Amino acid sequence: MPSDRPSSHFFPAPVRSGELPRLCFLSYRQIRGFAMPVVAEYTGRAEIEVVDGTFGDALAIARDRLERGLVDAFVSAGSNASILRAGLQAPVATIQLSGFDLLQALIKARRMSSRVGVVMYGQTIPELDEVKDLLNIEVVQHAYQTPDDARQRFEQLRREGFEVIVGSSLVVELAEQAGLHGLLAYSLGSVCKGFEDALELARVARLEAGRYEQLNGVLHNLQEAVLAVNPPMQQLLGPPHARLIGLSLEAIEPELSLQPTLDSGQVERAVVQRFAQRDWVVNRTPIREHGEIVGAALTLYDARTIQEADTSLRIQQGRRQSAARHRFANLIGQSPAFVRAVQTARRFARTDLTVLIAGESGVGKELFAQSIHNESVRAGRPFVAVNCAAFPEALLESELFGYEEGAFTGSRRGGKRGLFEAAHTGTLFLDEIGDMPLQLQTRLLRVLQEREITRLGATAAIPVDVRVIAATHQPLNDMIAERRFRQDLFYRLNTLRLPLPPLRERREDIAPLAEAQVGRCLQRLGTRLDPVRALAPLLPRLRAYDWPGNIRELENLGERIAVFLMQFDRLENVRYDELRHDLPELFADATASEVADDTGLSAARVAAALQAQGGNRQAAARQLGVSRSTLWRWMRERGADAPGT
Numbered sequence: 027m028p029s030d031r032p033s034s035h036f037f038p039a040p041v042r043s044g045e046l047p048r049l050c051f052l053s054y055r056q057i058r059g060f061a062m063p064v065v066a067e068y069t070g071r072a073e074i075e076v077v078d079g080t081f082g083d084a085l086a087i088a089r090d091r092l093e094r095g096l097v098d099a100f101v102s103a104g105s106n107a108s109i110l111r112a113g114l115q116a117p118v119a120t121i122q123l124s125g126f127d128l129l130q131a132l133i134k135a136r137r138m139s140s141r142v143g144v145v146m147y148g149q150t151i152p153e154l155d156e157v158k159d160l161l162n163i164e165v166v167q168h169a170y171q172t173p174d175d176a177r178q179r180f181e182q183l184r185r186e187g188f189e190v191i192v193g194s195s196l197v198v199e200l201a202e203q204a205g206l207h208g209l210l211a212y213s214l215g216s217v218c219k220g221f222e223d224a225l226e227l228a229r230v231a232r233l234e235a236g237r238y239e240q241l242n243g244v245l246h247n248l249q250e251a252v253l254a255v256n257p258p259m260q261q262l263l264g265p266p267h268a269r270l271i272g273l274s275l276e277a278i279e280p281e282l283s284l285q286p287t288l289d290s291g292q293v294e295r296a297v298v299q300r301f302a303q304r305d306w307v308v309n310r311t312p313i314r315e316h317g318e319i320v321g322a323a324l325t326l327y328d329a330r331t332i333q334e335a336d337t338s339l340r341i342q343q344g345r346r347q348s349a350a351r352h353r354f355a356n357l358i359g360q361s362p363a364f365v366r367a368v369q370t371a372r373r374f375a376r377t378d379l380t381v382l383i384a385g386e387s388g389v390g391k392e393l394f395a396q397s398i399h400n401e402s403v404r405a406g407r408p409f410v411a412v413n414c415a416a417f418p419e420a421l422l423e424s425e426l427f428g429y430e431e432g433a434f435t436g437s438r439r440g441g442k443r444g445l446f447e448a449a450h451t452g453t454l455f456l457d458e459i460g461d462m463p464l465q466l467q468t469r470l471l472r473v474l475q476e477r478e479i480t481r482l483g484a485t486a487a488i489p490v491d492v493r494v495i496a497a498t499h500q501p502l503n504d505m506i507a508e509r510r511f512r513q514d515l516f517y518r519l520n521t522l523r524l525p526l527p528p529l530r531e532r533r534e535d536i537a538p539l540a541e542a543q544v545g546r547c548l549q550r551l552g553t554r555l556d557p558v559r560a561l562a563p564l565l566p567r568l569r570a571y572d573w574p575g576n577i578r579e580l581e582n583l584g585e586r587i588a589v590f591l592m593q594f595d596r597l598e599n600v601r602y603d604e605l606r607h608d609l610p611e612l613f614a615d616a617t618a619s620e621v622a623d624d625t626g627l628s629a630a631r632v633a634a635a636l637q638a639q640g641g642n643r644q645a646a647a648r649q650l651g652v653s654r655s656t657l658w659r660w661m662r663e664r665g666a667d668a669p670g671t
């Protein structure tokens, strides 16, 4: 990968050092050369150091400048800017790529070729699909996250015959090294905007630093020791403010003493401490001036507040994780029943109609729902899933439709939007729709008809643009006859019907599904055993099993198999006969006294295994999924023999 040694170019300001803001322009060589006219223009307004830096060394270079006090703010673009923002507690101004910049670059590229590749850091730009038609140009774009990604994307375009590449500095450098035309996507206007932002960030940083120095100077020149106590701390300490003056913190509350911090100079972070009959998260930090300790700071955080924040964060993460992650390309299976289901689902994805997915528990209904969403025009929009059987009726109603402030006791201040609103412009997946209470079925029917919802406690209707995908394992026709499911709702949901086959009807897929699951588990457990070879002796039993829990059950058994295998460093040492204790489902038809039934062996199977293993009985036993002694016993009882060991 192109990577020059870091070089530094310093442009001193024509005034006394220290009066102007200090900027560090950290960039790749390509954008550095392009931006030099802007750098020269700004030398009268700032001290600017220009440093060549790449993915690997950008952060180290920036930290060195900070530690030596040489910079107020950084200016960078693309990957370097992302790295600096993530790794520094310092102002970083980003040179942003605008749509106009890219349009200008494509116009230049069009003069060279009618086929242009675009490789940018971060993410692709959907608007390019519209622009390329206006310019009458073929544009293929890729995004990268790491230098290796960038190289792979670039090489893909080169192999496809693209001779003009538009992109970041790294990509332009790759193009030039390969003898292709590389065009930088940025404009001088964007560079100027980046420097303007950096000047403002530097101004604010200096202002804050000046305030700190002023306060620190006042405290440092006082003859008395000063303890600043805010109202919450005063409440904790107890006595009135006047009675605290003149006392050391250690004398007031020994648990809060800062003397050990002053003596050791060590930072204490996130220490849990019991004080005033409550749990606190305590930070103790030394305050240094010119390398010497001049004081210490104590902060207390109420553990209850942190726990509440943690709960809120987990809820938010759970909502993000409910986004559609699965695609048809990731689904495993080649059996006719599965292929037919995928083909049908792909056809449904090209419409915006309601889909009802039917199938037993564990067949992967939500995976198909997510895949339909990701191949529809709503891809990239919200995908919100709710299990209708997981909530009590009252709670499910508020979750689906939301509520206004004061709608019921305990309602959130300001109200709350429901899942229909959260899924606006996207897809709402209603799992286990057969378990939805009848009263809510009526409200759901109205939403599907009117495409608007009314929050609990509200009178105004809110329009929603939502595609609904429902799923159930229940026999809805029987439930309609028993008046447990509305017939009119069924017809609304059953616009497009997608039945999914149970695993027992797609036995050809059991092996690849099991191998993929066990492989993931072994990798997570840090075991290097080959999942295909490890599962080979078990495949007859896996294929013969009826899988009442379908793929979900297969995933669970795959976990158990992986945990069993992790105790062996080599496949030759695996004692498969011991698996009956971990997988009783697969061995339910076996008895210890009946070797033939216990192993499922037959003369044909044994002969085939021995032939495949060149007569090696130990290897044949491993292939058959039995111990060597079991195989020998089976052969002795039947007077069978074969050469081998």
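Position in the sequence shown counted from 1, then plus 26, gives you the working numbering.
Positions of the beta carbon are idealized from the N, C-alpha and C atoms, including for glycine.
On a predicted model such as this, the values are computed, not experimentally measured, just so you know.
Neighbour-count burial assignment, residue i, 16 or more Cβ in a 10 Å radius
i: Leu-515; result: buried
i: Ala-570; result: exposed
i: Ser-140; result: exposed
i: Asp-98; result: buried
i: Thr-455; result: The sequence shown places Phe at residue 455, rather than the Thr named in the question. It counts as buried.
i: Thr-325; result: exposed
i: Thr-451; result: exposed
i: Asp-174; result: exposed
i: Gln-465; result: exposed
i: Gln-396; result: buried
i: Tyr-429; result: buried
i: Glu-75; result: buried
For residue i, the nearest candidate out of the options (CA to CA)
i: Glu-279; options: Glu-294, Glu-430 and Arg-300; result: Arg-300
i: Asn-356; options: Arg-141, Ile-398, Leu-474 and Gln-149; result: Ile-398
i: Thr-521; options: Pro-566, Arg-567, Val-381 and Ala-88; result: Val-381
i: Thr-656; options: Gln-639, Val-632, Ser-139 and His-168; result: Val-632
i: Glu-598; options: Arg-586, Ala-61, Cys-547 and Gln-644; result: Gln-644
i: Ile-587; options: Leu-568, Leu-196, Asn-576 and Gly-575; result: Leu-568
i: Asp-595; options: Ala-560, Arg-606 and Pro-525; result: Ala-560
i: Asp-501; options: Ile-57, Leu-128 and Ser-387; result: Inspection of the sequence shows that residue 501 is occupied by Pro rather than by Asp. Of the candidates Ile-57, Leu-128 and Ser-387, the one whose C-alpha sits nearest the C-alpha of Pro-501 is Ser-387.
i: Arg-654; options: Val-190, Pro-610, Arg-601 and Glu-164; result: Arg-601
i: Glu-611; options: Ala-484, Trp-573 and Met-592; result: Trp-573
i: Val-320; options: Arg-366, Leu-326 and Leu-288; result: Leu-288
i: Val-145; options: Val-165, His-499 and Gly-205; result: Val-165
i: Leu-214; options: Ile-121, Gln-171 and Met-592; result: Ile-121
i: Leu-580; options: His-207, Arg-532, Met-592 and Arg-481; result: Arg-532
i: Leu-519; options: Gln-549, Val-473, Pro-527 and Asp-535; result: Val-473
i: Ala-375; options: Phe-354, Pro-362, Ser-361 and Ser-283; result: Phe-354
i: Val-297; options: Tyr-327, Gln-303, Glu-276 and Pro-312; result: Tyr-327
i: Leu-422; options: Arg-469, Arg-55 and Asn-309; result: Arg-469
Distance cut-off 7 Å: residue i Cβ against heavy atoms of the ligand MN
i: Leu-464; result: Ligands are entirely absent from the displayed structure, and the ligand MN is therefore not among its contents.
Identity of the residues DSSP links to residue i by a beta bridge
i: Pro-489; result: Glu-478
i: Lys-442; result: Tyr-429
i: Asp-328; result: Trp-306
i: Met-146; result: Ala-169
i: Gly-208; result: Ile-191
i: Gln-593; result: None; Gln-593 has no bridge partner.
i: Leu-49; result: Ile-74 and Ala-99
i: Gly-321; result: Ile-313
i: Arg-141; result: Glu-164
i: Ile-109; result: Partner(s): none; Ile-109 has no beta bridge.
i: Ala-119; result: Val-101
i: Ile-383; result: Ala-497 and Leu-524
i: Ala-66; result: Ala-66 pairs with nothing; no bridge assigned.
i: Thr-453; result: Phe-409 and Arg-493
i: Gln-369; result: Bridge partners of Gln-369: none, in fact.
i: Arg-509; result: Per DSSP, none; premise fails for Arg-509.
i: Gln-299; result: Trp-306
Whole-Å CB distance - residue i paired with residue j, under 8 Å assumed
i: Gln-637; j: Gln-649; result: Gln-637 to Gln-649, Cβ: 11 Å. No contact.
i: Gln-467; j: Phe-511; result: 7 Å
i: Pro-463; j: Glu-478; result: About 21 Å; that fails the 8 Å criterion.
i: Pro-557; j: Val-544; result: 4 Å
i: Asn-106; j: Val-389; result: So it is not a contact: roughly 47 Å between Cβ atoms.
i: Ala-135; j: Val-198; result: Actually they do not touch by this definition, with Cβ atoms about 12 Å apart.
i: Ser-216; j: Leu-123; result: 7 Å
i: Ser-53; j: Ser-102; result: 6 Å
Interface flag, residue i vs chain B, CB-CB below 8 Å
i: Thr-480; result: The structure shown has no chain B; it contains just one protein chain.
Just list the alpha helix (DSSP H) runs in the stretch 83-107, keeping only unbroken ones of 4 residues or longer that don't cross its boundaries, in chain order.
84-93
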